[in-house]
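Report on the following structure.
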Amino acid sequence: MLKTLVVIPAYNEALNIEKTVQDIHENAPWVDYVVINDGSKDNTLDVIQKNKFNYIDGFCNLGLFGAVQTGFKLGFMEDYDVVIQFDGDGQHDITFVDALVAPIENGNANMTIGSRFVEGSTSEFKSTKARQMGIRMISGFIKFFTKVKLYDVTSGFRAIDKSLIKEFSMNYPTEYPEPISTTRVLKHGMKVAEVPVKMNERQGGTSSIHSWKNAYYMINVLMSIINIGIWRD
334 MLKTLVVIPA
344 YNEALNIEKT
354 VQDIHENAPW
364 VDYVVINDGS
374 KDNTLDVIQK
384 NKFNYIDGFC
394 NLGLFGAVQT
404 GFKLGFMEDY
414 DVVIQFDGDG
424 QHDITFVDAL
434 VAPIENGNAN
444 MTIGSRFVEG
454 STSEFKSTKA
464 RQMGIRMISG
474 FIKFFTKVKL
484 YDVTSGFRAI
494 DKSLIKEFSM
504 NYPTEYPEPI
514 STTRVLKHGM
524 KVAEVPVKMN
534 ERQGGTSSIH
544 SWKNAYYMIN
554 VLMSIINIGI
564 WRD
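Per the numbering used here, residue 334 is the first one in the sequence shown, and the count goes up by one each step.
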């Protein structure tokens, strides 16, 4: 088994973080994990400290990119082979960690994406119709510029290999990190594989993602993909 670190970004996840980490302890005890408390305003930090979880405490809210990149930096400094991004809200299923790591371990991928939309997925939770439409549009733009068809391009359940751990620890998108980083990886000729997984609706609290409710998100993420597609070799 490759030396694997699970990075759990957490912002106001007091209702979910305990079960999320307990699931890792019970179902994937061979991986290491770290919770990145991203300046939570609720009692997420109290729950983490009470349970003596492994964590890094951010004194302010950096957003998803900052929390995840903090985990990548730790992964690079501690010489991990694989880093997995894993939501703290109960949506991701840790029992799929082996499937996510396998293509990297076999040399078939530099990045793997846990997908609800590929054959073999048992996920009943597919997100809202509006988000699914947005995901399909982003997927189409990525395919146009990279010639690679991916389906769950905004999935936050992802694994990266040692080369990308180093790259992302130094250079990671500040906005729309999942689709933009994936596009960059593909444009640099690296391999991305989708792995069928099961996802759940969040178990409590409120999602931090509100930008799907307006056109701003879509316009900006698509323009970013166009920029990468045009200007990067």
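Beta carbons are placed, not taken as given, at the ideal position from N, Cα and C, and that holds for glycine. As the structure is a prediction and not an experimental result, all values here were calculated from the model.
Task: Whole-angstrom distance between residue 362 and residue 352, CA atom to CA atom - done: Locating residue 352 in the sequence shown gives position 19, where the first residue counts as 1. Locating residue 362 in the sequence shown gives position 29, where the first residue counts as 1. The C-alpha of residue 362 is placed about 14 Å away from the C-alpha of residue 352.
Open item on the list: As a quick exercise: from 533, 551, 418, pick the residue whose alpha carbon is nearest that of residue 367.
Closed with: As a working mapping, residue 367 is identified with position 34 in the sequence shown. Residue 367 has its Cα closest to that of 418, out of 533, 551, 418.
Open item on the list: Less than 8 Å between C-beta atoms, sequence neighbours within five positions excluded: which residues of the same chain meet that for residue 555?
Closed with: Translated into positions along the sequence shown, residue 555 becomes position 222. These residues qualify, in order along the chain: 470, 471, 474.
Open item on the list: What does the alpha-carbon distance come out to for the pair residue 379 and residue 476?
Closed with: If you number the sequence shown from 1, residue 379 lands on position 46. If you number the sequence shown from 1, residue 476 lands on position 143. Distance from the CA atom of residue 379 to the CA atom of residue 476, rounded to whole angstroms, is 44 Å.
Task: Among 359, 403, 428, 336, nearest to residue 533 - alpha-carbon criterion - done: Walking along the sequence shown from the start, residue 533 turns up at place 200. Nearest C-alpha to residue 533: 428.
- [ ] Report yes if the C-beta distance between residue 524 and residue 441 is below 8 Å; otherwise report no.
- [x] What you label residue 524 is simply residue 191 of the sequence shown in a count that begins at 1. What you label residue 441 is simply residue 108 of the sequence shown in a count that begins at 1. For residue 524 and residue 441, yes; Cβs fall inside 8 Å.
Task: Spatially closest choice to residue 451 from 348, 499, 531, 403, by CA coordinates - done: Counting from one through the sequence shown, the residue named residue 451 turns up at place 118. Checking every option, the nearest Cα to that of residue 451 belongs to 531.
Open item on the list: Please identify the residue among 344, 563, 479, 526 whose C-alpha is closest to the C-alpha of residue 437.
Closed with: Numbered from 1 along the sequence shown, position 104 holds the residue referred to as residue 437. Residue 526 is the option with its Cα nearest to residue 437.
Open item on the list: Let me check understanding here. Comparing Cα to Cα, which of 357, 502, 392, 558 lies closest to residue 421?
Closed with: Numbered from 1 along the sequence shown, position 88 holds the residue referred to as residue 421. Ranking 357, 502, 392, 558 by Cα distance to residue 421 puts 357 first.
TODO: Just list the alpha helix (DSSP H) runs in the stretch 470–546, keeping only unbroken ones of 4 residues or longer that don't cross its boundaries, in chain order.
DONE: Entirely contained in the stretch 470–546, the alpha helix (DSSP H) runs reaching 4 residues are, in chain order, 495–503, 510–520.
Open item on the list: Taking its Cβ as the centre, do 16 or more other Cβ atoms sit within 10 Å of residue 408, making it buried, or is it exposed?
Closed with: By 1-based counting over the sequence shown, the position of residue 408 is 75. By the neighbour-count criterion, in which 16 or more other beta carbons inside 10 Å mark a residue as buried, residue 408 falls on the buried side.
TODO: Would you mind giving the Cβ-Cβ distance between residue 394 and residue 372, rounded to the nearest angstrom? I have them listed as a contact below 8 Å.
DONE: Position 61 of the sequence shown holds residue 394. Position 39 of the sequence shown holds residue 372. Distance from residue 394 to residue 372 at the Cβ level is roughly 4 Å; contact confirmed, criterion being Cβ atoms closer than 8 Å.
- [ ] Give the single residue among 404, 522, 354 whose Cα lies nearest to the Cα of residue 369.
- [x] Locating residue 369 in the sequence shown gives position 36, where the first residue counts as 1. Closest option to residue 369, judged by alpha-carbon separation, among 404, 522, 354: 404.
TODO: Please specify which runs of the alpha helix (DSSP H), each continuous and at least 4 residues long, are wholly inside the stretch 351–384, giving them in chain order.
DONE: Secondary structure remark: continuous alpha helix (DSSP H) runs of at least 4 residues inside the stretch 351–384, in chain order: 377–383.
Task: Member of 425, 463, 434, 431 whose CA lies at the smallest distance from the CA of residue 449 - done: Numbered from 1 along the sequence shown, position 116 holds the residue referred to as residue 449. Nearest option by C-alpha distance: 425.
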